[in-house]
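Residue numbers (our numbering), protein chains in the order written: chain L, 807 to 920; chain X, 3 to 113.
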């Protein structure tokens, strides 16, 4: 089955700096890659997603890049703010247009310091 | 527009007991997936319901079962609880896309 590895497990940046989280996946058939942000005591919140026919996607301060050949994808957060502090999860699925099971990475705890 | 809702928020059970968790999908969504999230880990897929039937299942034992109702809401049942079943149980809903929206979860503690 699919295996998703995520690193780093913890990341500390100063406010205003950029943060990058990287994930690799094992199943070349995976074609849908969402990123979730989870704050303490809450469920995961979708922040951005990308499909395999797209190499990069941006939404304000957040961007995701995908390298299908290398089977890795990354989350980039620019101009970080204290409210960006949370645990971030990458995931992969064999998207069929209807929700397929998501395989998650182990998470990255991002801390943005003042 | 209400998002995905789950009940109860917290639950404490003892080993061997049975538990039922509930999920109401986001308005307009017809597919419900359940995930188990152990402390410090990413969510693990349990199963998915669509049109009142289990459509996909992850690597979980038969002690884990579910149901989907005609209004698309869903239940997760766990029998013969083990200490290792202690986790945050998450429900996610979707409609005709790969995008899944998660609820706040139910924190289950097994003593």
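The beta carbon of each residue, even a glycine, is placed where N, CA and C say it ideally should be.
The DSSP assignment places 862-865, 868-873 and 878-883 as complete runs of the beta strand (DSSP E) inside the segment 857-895 of chain L, in order along the chain (cut-off: 3 residues).
Not a single C-beta of chain L is nearer than 8 angstroms to the C-beta of residue 64 of chain X. Exposure of residue 860 of chain L is indicated by the presence of fewer than 16 other C-beta atoms within 10 angstroms of its C-beta. Annotation: Cβ neighbours of residue 103 of chain X in chain L (cutoff 8 angstroms, chain order): 852. Taking a Cβ-Cβ threshold of 7 angstroms, none of the residues of chain L is close to residue 75 of chain X; the smallest such distance is about 16 angstroms.
Fewer than three beta-carbon pairs drawn from the segment 888-900 of chain L and the segment 7-18 of chain X are found closer than 8 angstroms, and the two stretches are therefore not classed as touching. When X/51, X/82 and X/90 are compared, the shortest CA-CA separation from residue 96 of chain X is found for X/51.
Apart from the 5 residues on each side of it in sequence, residue 57 of chain X sits with its Cβ closer than 7 angstroms to the Cβ of 50 and 51 in its chain, given in chain order.
By the C-beta density criterion, residue 812 of chain L is buried, having at least 16 other C-beta atoms within 10 angstroms.
For residue 910 of chain L, the nearest CB of chain X lies under 8 angstroms from its own CB, placing it at the interface with that chain.
The beta carbon of residue 106 of chain X sits closer than 8 angstroms to some beta carbon of chain L. Judged by DSSP secondary structure, residue 840 of chain L falls within the beta strand (DSSP E) whose first and last residues are 838-844. With respect to the 8 angstroms criterion, residue 913 of chain L and residue 68 of chain X are not classified as neighbours on the basis of their beta carbons.
Within chain X, 44 and 45 have C-beta atoms less than 9 angstroms from the C-beta of residue 895 of chain L, given in sequence order. With distances taken between CA atoms, residue 886 of chain L lies nearest to L/917 out of L/809, L/852, L/917 and L/834. Note: residue 811 of chain L is bridge-paired with L/830 in the DSSP secondary-structure output. The beta carbon of residue 863 of chain L does not come within 8 angstroms of any beta carbon belonging to chain X, so the residue lies off that interface. Of the candidates L/818, L/845 and L/884, the residue whose Cα lies closest to the Cα of residue 892 of chain L is L/845.
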